[in-house]
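Just so you know, our numbering puts the end of the sequence shown at 1169, numbered straight through with nothing missing. Beneath this line is the structure, given in structure tokens, with notes to follow.
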Amino acid sequence: QVLAWGLRGLRGAVREPRLELQWGEQTLWTPLIQDFATNPNFPTNAFVLTLAVPEEEQLVPPIRLRLWDRADTERRLLLGQASIRGLGRYRCLPPGREQLLGSGNPGNGSYTVLSMPGHQCHLCPPAPAPRQEEEEEEERDWWSKFYRALEDKGPRSPWGSNRDRLKIYGCELEAVPEFEGLQDFCQTFPLYKPGRPPLPGQDPEPVGDFKGLFRIYPVPEGPGEAPPPRCFQRLPPSKPQECLVRVYVVRAFDLSPRDVTGLSDPYVRVSLGKKTLGHRDQYVPNTLEPVFGRMFEVMATIPLEKDLRVTIMDYDKVPPDQEIGSTTIDLEDRLLSHFRAHCGLPSLYHTWGQMLGGLIGPQDREGYRVFGDLMGTPGPAGTPRGHPGVGASPCVRSRVPQGKVQMWVDIFPTSLGPPGPPVNIDPRKAEGYELRCVVWNVRDTDLADTNLLGQRMSDIYVSGWLDGLREQRQQTDIHYRSRDGNGAFNWRFVFHFQFLAAEKLCAIGRKEHVWSLDQTVLKVPPKLILQVWDNDKFKADDLLGTVELDLTQLPRPAPSPRLCRATPGELPWFLRPWFRAPLPAPSPLNLFRKRRARGWWPCTMQEDDGQRLSGKVELSLELLTAEEAEERPVGKGREEPNKHPTLPEPKRPKSSFLWLRSPLSLVRHGIPWRYCVWVCVGLAAFLLLLFLHSFF
């Protein structure tokens, strides 16, 4: 059986094309296409050829295609030809009676209208979500689902969560094996100009394409046996369809640079037929991984306007702009493919707050369809079920990959009525936050110096900043001459930053060079870095330990310094003989949801054999939005307004150079008399030398 759907991409003036199909001794002629400009499909689409072929694959003759056009009333002009080999892929069993009543099995090329009650369409109005647990992140918009889908790598049960999911493919949908190249309804066979073969190293240029499909199966040979039912019984309308096309361009990555700085200023341009959308002033500056979040809406007549071209351009101050790369999407394949998404009832819904009947529109009774790259996959026992999906199409230029663009396409035939509102994928804007970190105490730090009496000591202070914002670096005052590694500070750090909740990254905008016109936005994790230092007067300060705290994956603090360990779950020394395995590490905190945390965190030093515990820091962390910070202002350090909480002066032991004023003070500090005498003699000699030097 032959499904001759139509002809595509014929160049030049074509009058009345028709196709000749020859297989062995049988020849088949398709009807003429009377008006190729208005309808490139054949008036009759399904044909049957019956002939005897050998069972050995290598002996089966190829199918030869010839494309003819009427030159005048008596002459025909041969436009193109092709030879199709390897026909074993089209062999199948005789179609059964159940397939006539089937559900659009791609094996028989049938076309049915289906409603998918188990599929959550991304265009349906979302049902109100129930209250989430503390461990689950709040999903506020489409971007929350998108970035959550990027994090979900392992298998999961479709019934194990109360959220609808996105399915993201790492390649173009034509390359997904289970989608069969989106050519399960009909395939594309290029037709080449007859004549000389191409030169070595050159690919022949097709003159057009034939859209069709073949099915080869045995027929009963006995007398009186009824022939099996044919394939291609229920076909879609062959007339062109007016459709509303929505193109959602999410983001691009791994783009090739076009500027001398090694970056680009990319923007999107969408072309379909004679229409081109996209403005050059909507570029993303100085990046090779832009987040576009753009939706383009255009009317098209398929298959007359079927090739959607998405181009990534590089913005230049002085036109013309350079093309980074482009990708072409066949909308007709997506419209006709069985592996398309449908719009029906969501697989998960909640009855409180919204009636279920509110989700059913008049189009749902007819199987309202969402065509495009949001794929629905069959579930168990033939139950339609699936998740929305986003595909990544490669951007190419002269057949050389220039990057990838993540996008999807929705196609709505106007004959089915007006569609719902488009999905809002506008990029999230970074929100302002203020982090308040109070350094209370330090315990058990390393002693880096030695005093005059040979005792180990350190002059301790703490400095801190957010990763990527080193210009906001702040430090406490100095706790002088700590001989036990302890220090008290009661000092507040205040950091301001911009945060993208969907990506869980801080957005930092700065100009790379003095001559740069646009800021480059860097995205880094929200990480607080604290360092404990030993202050020195005549040499570089000594690093005593480092604390790095990711605010989205914050390690749970210890309630006391005794329980503070370098490795989470590490047992105290007195419990190690009874327990061989360490305790399980507690789950981390998300400070953006918890908002407050206080306790002890370990300071570590990196050595050759790994990290070593070098101290403990008592901190209290509080995260506020920019609006909350304006309502509750605080000062840095112990400056005014000193509140939320109020920080008193720390109680430190009195230790300064004033005790050197008299030998009696030395005795009070436990120093023997002979050392006091030598100190006094040394001071007197030093003063005498200064006097003599200034006099002479």
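Idealized CB from N, CA, C, for every residue including glycine.
Exercise for review: Give the secondary structure of Leu1160 by DSSP, where H, G and I count as helix, E and B as strand, and everything else as coil.
Suggested key: The sequence position of residue 1160 within the sequence shown is 687, counting from 1. In this structure, Leu1160 counts as helix in the three-state DSSP scheme.
**Study point:** Proximity test, Cβ basis, 8 Å: Arg807 and chain D
**Key:** Looking at the structure shown, chain D is missing, and only one protein chain is on hand.
Check your understanding: Distance, Cα to Cα, His811 vs Tyr642?
Key -> Here residue 811 is taken as the residue at index 338 of the sequence shown, counted from 1. Here residue 642 is taken as the residue at index 169 of the sequence shown, counted from 1. Their Cα atoms are separated by approximately 18 Å.
Exercise for review: Return the residue from the list Arg719, Ala865, Thr1040 that minimises the CA-CA distance to Leu623.
Suggested key: Mapped onto the sequence shown, residue 623 falls at position 150. Comparing alpha carbon positions, the residue from Arg719, Ala865, Thr1040 closest to Leu623 is Ala865.
Check your understanding: Where does the unbroken beta strand (DSSP E) through Asp806 begin, and where does it stop?
Key -> For the purposes of this step, residue 806 is taken as residue 333 along the sequence shown, with counting starting at 1. Element bounds for Asp806: not the beta strand (DSSP E) but the alpha helix (DSSP H), 804-809.
Check your understanding: What first and last residue would you give for the beta strand (DSSP E) that runs through Ala622?
Key -> Residue numbering aside, residue 622 sits at position 149 when the sequence shown is read from its first letter. Premise fails: Ala622 lies in the alpha helix (DSSP H), 615-624, not in any beta strand (DSSP E).
Check your understanding: Is Val911 near Leu1003, with beta carbons less than 8 Å apart?
Key -> For the purposes of this step, residue 911 is taken as the residue at position 438 of the sequence shown. For the purposes of this step, residue 1003 is taken as the residue at position 530 of the sequence shown. Their beta carbons are not under 8 Å apart, which means Val911 does not touch Leu1003 by this criterion.
**Study point:** Backbone CA spacing between Arg916 and Tyr934 [nearest angstrom]
**Key:** The residue labelled residue 916 in the question sits at position 443 within the sequence shown. The residue labelled residue 934 in the question sits at position 461 within the sequence shown. If you take the alpha carbons of Arg916 and Tyr934, they lie about 12 Å apart.
Check your understanding: What does DSSP give as the partner residues of Ala961 in its beta bridges?
Key -> Translated into the one-based positions of the sequence shown, residue 961 becomes position 488. DSSP lists Asn914 as partners of Ala961.
Practice item. Let me know the beta strand (DSSP E) ranges lying completely inside the stretch 719-753, each 3 residues or longer, listed in chain order. Key: Runs of the beta strand (DSSP E) inside the stretch 719-753: 739-745, 748-750.
Exercise for review: Helix, strand or coil for Gly654, going by three-state DSSP, please let me know.
Suggested key: As a working mapping, residue 654 is identified with position 181 in the sequence shown. In the three-state reduction of the DSSP assignment, Gly654 falls in the helix class, which pools H, G and I.
Exercise for review: Put Pro535 into one of helix, strand or coil per three-state DSSP.
Suggested key: Numbered from its first residue, the sequence shown carries residue 535 at position 62. Three-state result, Pro535: coil.
Review point. Secondary structure at Cys1153, three-state DSSP: helix, strand or coil?
Key: Working through the sequence shown from its first residue, we reach residue 1153 at position 680. Cys1153 carries a helical assignment under DSSP once its states are collapsed to helix, strand and coil.
**Study point:** Contacts around Pro758, its chain only, beta-carbon distance under 6 Å, and the 5 residues preceding and following it disregarded
**Key:** Within the sequence shown, the letter at position 285 stands for residue 758. If we look at Pro758 and ignore the five residues flanking it on each side, its Cβ neighbours are Asp738, Asp991.
Practice item. State yes or no: is the C-beta of Leu808 within less than 8 Å of the C-beta of Val720? Key: Taking the sequence shown and counting its residues from 1, one reaches residue 808 at position 335. Taking the sequence shown and counting its residues from 1, one reaches residue 720 at position 247. It is not a contact, given that the beta carbons lie outside the stated cut-off.
Review point. Glu778 by DSSP, collapsed to three states: which one?
Key: Residue numbering aside, residue 778 sits at position 305 when the sequence shown is read from its first letter. Glu778: coil per DSSP, three-state reduction.
Check your understanding: How close, in whole Å, do the beta carbons of Val521 and Leu494 come, if the pair is a contact with beta carbons under 8 Å?
Key -> By one-based count along the sequence shown, residue 521 stands at place 48. By one-based count along the sequence shown, residue 494 stands at place 21. About 12 Å; that fails the 8 Å criterion.
Check your understanding: From this set, Phe1011, Ser989, Asp789, Leu804, which residue's C-alpha is nearest Thr774's C-alpha?
Key -> Numbered from 1 along the sequence shown, position 301 holds the residue referred to as residue 774. The shortest Cα separation from Thr774 among Phe1011, Ser989, Asp789, Leu804 belongs to Leu804.
Practice item. Find the nearest neighbour of Asn512 within the set Pro667, Ala555, Glu715, judged by alpha-carbon distance. Key: The residue labelled residue 512 in the question sits at position 39 within the sequence shown. The closest CA to that of Asn512, considering only Pro667, Ala555, Glu715, is found on Glu715.
Exercise for review: Can you say whether Phe705 is buried or exposed, counting buried as having 16 or more other CB atoms within 10 angstroms of its CB?
Suggested key: Your numbering for residue 705 matches position 232 in the sequence shown. A residue is called buried when at least 16 other Cβ atoms come within 10 angstroms of its Cβ; Phe705 meets this threshold and is buried.
Exercise for review: State yes or no: is the C-beta of Gly876 within less than 8 Å of the C-beta of Ala699?
Suggested key: Taking the first residue of the sequence shown as position 1, residue 876 is located at position 403. Taking the first residue of the sequence shown as position 1, residue 699 is located at position 226. In this structure, Gly876 sits away from Ala699, with a CB-CB distance that is not shorter than 8 Å.
Exercise for review: Measure the beta-carbon distance from Thr760 to Leu736 and round it to whole angstroms, keeping in mind my assumption that it falls under 8 Å.
Suggested key: As a first step, residue 760 is located in the sequence shown; it is residue number 287 there, counting from the start. As a first step, residue 736 is located in the sequence shown; it is residue number 263 there, counting from the start. Leu736 and Thr760 do touch by the CB rule: their CB atoms are close to 6 Å apart, below 8 Å.
Exercise for review: Tell me whether Gln531 is buried or exposed, calling it buried when 16 or more other Cβ atoms sit within 10 Å of its Cβ.
Suggested key: As a position in the sequence shown, residue 531 is number 58, starting the count at 1. Its Cβ having fewer than 16 others within 10 Å, Gln531 is exposed.
Check your understanding: Name the DSSP beta bridge partners of Phe769, please?
Key -> For this step, residue 769 is matched to residue 296 along the sequence shown. Looking at the DSSP output, Phe769 bridges to Val720.
Exercise for review: Output the distance between the C-alpha atoms of Val968 and Trp938, rounded to the nearest integer angstrom.
Suggested key: Residue numbering aside, residue 968 sits at position 495 when the sequence shown is read from its first letter. Residue numbering aside, residue 938 sits at position 465 when the sequence shown is read from its first letter. At residue 968 the sequence reads Phe, which differs from the Val that was named. Cα atoms of Phe968 and Trp938: separation of roughly 7 Å, rounded to the nearest angstrom.
Check your understanding: In whole angstroms, what is the alpha-carbon distance linking Pro710 and Asn518?
Key -> Along the sequence shown, read from residue 1 onward, the residue named residue 710 stands at position 237. Along the sequence shown, read from residue 1 onward, the residue named residue 518 stands at position 45. Pairing Pro710 with Asn518, the inter-Cα distance amounts to about 11 Å.
**Study point:** Where Phe619 falls, given that 16 or more other Cβ within 10 Å makes a residue buried
**Key:** Reading the sequence shown from its first residue, position 146 is the one you call residue 619. Per the 10 Å Cβ criterion, buried.
Review point. Can you tell me whether DSSP reads Pro1034 as helix, strand or coil?
Key: Taking the first residue of the sequence shown as position 1, residue 1034 is located at position 561. Pro1034: helix per DSSP, three-state reduction.
Review point. How many Å lie between Ala486 and Leu538 at the Cα?
Key: Your numbering for residue 486 matches position 13 in the sequence shown. Your numbering for residue 538 matches position 65 in the sequence shown. Each residue's Cα considered, the two are about 21 Å apart.
Review point. Where do the ends of the beta strand (DSSP E) carrying Ala555 lie?
Key: As a position in the sequence shown, residue 555 is number 82, starting the count at 1. Residues 549-557.
Review point. Is the Cβ-Cβ distance between Leu978 and Val997 less than 8 Å?
Key: Position 505 of the sequence shown, counted from the start, is the residue given in the question as residue 978. Position 524 of the sequence shown, counted from the start, is the residue given in the question as residue 997. The answer is yes: Cβ separation under 8 Å.
Point to revise | Cβ pair Leu717, Glu796 closer than 8 Å | key: By one-based count along the sequence shown, residue 717 stands at place 244. By one-based count along the sequence shown, residue 796 stands at place 323. No; because the gap between Cβ atoms is not below 8 Å, this pair is not in contact.
Review point. Should His752 be labelled buried (16 or more other beta-carbon atoms within 10 Å of its own) or exposed?
Key: Locating residue 752 in the sequence shown gives position 279, where the first residue counts as 1. Around the beta carbon of His752, fewer than 16 other beta carbons sit within 10 angstroms, so the residue counts as exposed.
Point to revise | Ala600, buried or exposed, once every other Cβ within 10 Å from all chains shown has been counted against 16 | key: Start at 1 with the first residue of the sequence shown, and residue 600 comes out as number 127. Residue confidence is low: Ala600 scores 40 on pLDDT, short of 50, so the model does not pin down where it sits. Its coordinate-derived value is still stated next. Label assigned to Ala600: buried.
**Study point:** Cβ shell of Val649 (< 7 Å), same chain only, five flanking positions each side left out
**Key:** As a position in the sequence shown, residue 649 is number 176, starting the count at 1. Annotation for Val649: Tyr642 place their beta carbon closer than 7 Å to its own, counting only its chain and skipping 5 residues before and after.
Exercise for review: Please confirm whether Ala1099 and Glu907 have their CB atoms less than 8 Å apart.
Suggested key: Within the sequence shown, numbered from 1, the residue matching residue 1099 stands at position 626. Within the sequence shown, numbered from 1, the residue matching residue 907 stands at position 434. It is a contact, given that the beta carbons lie within the stated cut-off.
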